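**Q**
Below, the structure is given as structure tokens:
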């Protein structure tokens, strides 16, 4: 396997101005937060520390500094470069952050998907200065189902939970859960969002492990987004611990 990850590089004969100034994350966004996409992320006043992103065999995470804010859009610049084919490259991130509560945010990564590593990031030769539009190059509006939950590590379940949306406030009997490839199926599942309207409680009966996403079967509602008549409900698994590859800390229920 090659020990580099190749990006398309466009060498321009002129520089593009990039704005700068005081850039800090929201005051509540400090220390460790759990990202539904990247796992635990660490925020300081103006840095995102060791953000997981594969750029080469030698680069699997990078620290980014906050460079510019426009409303809730944050432009981040990698504090170090990496080299591909002798070219010194600089990575950038563009995040749009929305605060739900003191302990819950959600965000979109406003970079296009980079085909070489199947991740959203912007990379450019370090000799070229860039604009915010260069970096935040993802088409808008962002698809609602691409939001990413961000929850403060150690947050109190009672503090982060919210009443689930009306469309979910039901008791569901004889529910069937089927794996995406159709190979696994579990019947007679029960869903209860009435006993506690902030909790989706799942009784799995005798489901096989691949279809059991929570040991305790309890998820609290965090927030919901609606787009084109479809509601996306962000859920947090209350299990004390997670089994890698089997149970998951976050889920999205689509209704």
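Numbering (full-length UniProt numbering), first residue to last: 1 to 255.
Using N, Cα and C, we set each Cβ at its ideal position, and we do this for glycine too.
These numbers were taken from a predicted model, which means no experiment stands behind them.
1) Return the CA-CA distance between residue 117 and residue 247, expressed in angstroms with no decimal places.
2) Would you kindly report the start and end of the unbroken alpha helix (DSSP H) that includes residue 159?
3) Taking the C-alpha atoms as reference points, what is the distance between residue 236 and residue 202?
4) Along the chain, where does the beta strand (DSSP E) containing residue 132 start, and where does it finish?
5) Of all the alpha helix (DSSP H) runs that stay within the bounds of the region 5-91, which reach a length of 4 or more residues?
6) If you draw a straight line from the C-alpha of residue 40 to the C-alpha of residue 32, how long is it?
7) What does residue 199 pair with, by DSSP beta-bridge criteria?
8) Taking the beta carbon of residue 169 as the centre, do at least 16 other beta carbons fall within 10 Å, making it buried, or is it exposed?
9) Cα separation between residue 6 and residue 243?
10) Name the two residues that bound the continuous beta strand (DSSP E) containing residue 148.
11) Could you tell me the alpha carbon to alpha carbon distance between residue 253 and residue 197, rounded to whole angstroms?
12) Could you compute how far the alpha carbon of residue 60 sits from the alpha carbon of residue 160?
13) Return the Cβ separation of residue 238 and residue 216 in integer angstroms, given the expectation that the two are a contact with Cβ distance under 8 Å.
14) In whole angstroms, what separates the C-alpha of residue 126 from that of residue 206?
15) Which one of 23, 103, 48, 233 has the shortest CA to CA distance from residue 156?
16) Tell me whether residue 167 is buried or exposed, calling it buried when 16 or more other Cβ atoms sit within 10 Å of its Cβ.
17) Assign residue 224 to buried or exposed, taking buried as 16 or more other Cβ atoms, counted over all protein chains shown, within 10 Å of its Cβ.
18) On the criterion of 16 or more Cβ atoms from any shown chain inside 10 Å, does residue 22 qualify as buried, or is it exposed?
19) Where DSSP assigns a beta bridge to residue 119, which residues make up the other side?
**A** According to the data block:
1) Here the C-alpha atom of residue 117 lies approximately 26 Å from the C-alpha atom of residue 247.
2) 157-160 is the span of the alpha helix (DSSP H), which, as asked, contains residue 159.
3) If you take the alpha carbons of residue 236 and residue 202, they lie about 13 Å apart.
4) Judged by DSSP secondary structure, residue 132 falls outside any beta strand (DSSP E) and instead within the alpha helix (DSSP H) spanning 132-135.
5) List check, alpha helix (DSSP H) in window: nothing returned.
6) Rounded to the nearest angstrom, the two C-alpha atoms are 6 Å apart.
7) According to DSSP, residue 199 bridges with 220.
8) With fewer than 16 other Cβ atoms within 10 Å, it is exposed.
9) With a pLDDT of only 30 at residue 6, under 50, the local geometry of the prediction cannot be trusted, and the value read off the model is given with reservation. Taking the straight line from one Cα to the other gives about 34 Å.
10) Taken as a continuous stretch (DSSP letters only), the beta strand (DSSP E) holding residue 148 covers 148-152.
11) Cα to Cα, the separation comes out at about 15 Å.
12) So the two alpha carbons sit approximately 31 Å from each other.
13) Right, the Cβ-Cβ distance comes to about 6 Å (below 8 Å), so this counts as a contact.
14) Spanning the two alpha carbons is a distance of roughly 56 Å.
15) If we check each option's Cα against that of residue 156, 103 comes out closest.
16) Flag for residue 167 reads exposed.
17) Buried.
18) Residue 22 is exposed by the Cβ-count criterion.
19) BP columns for residue 119 point to 114.
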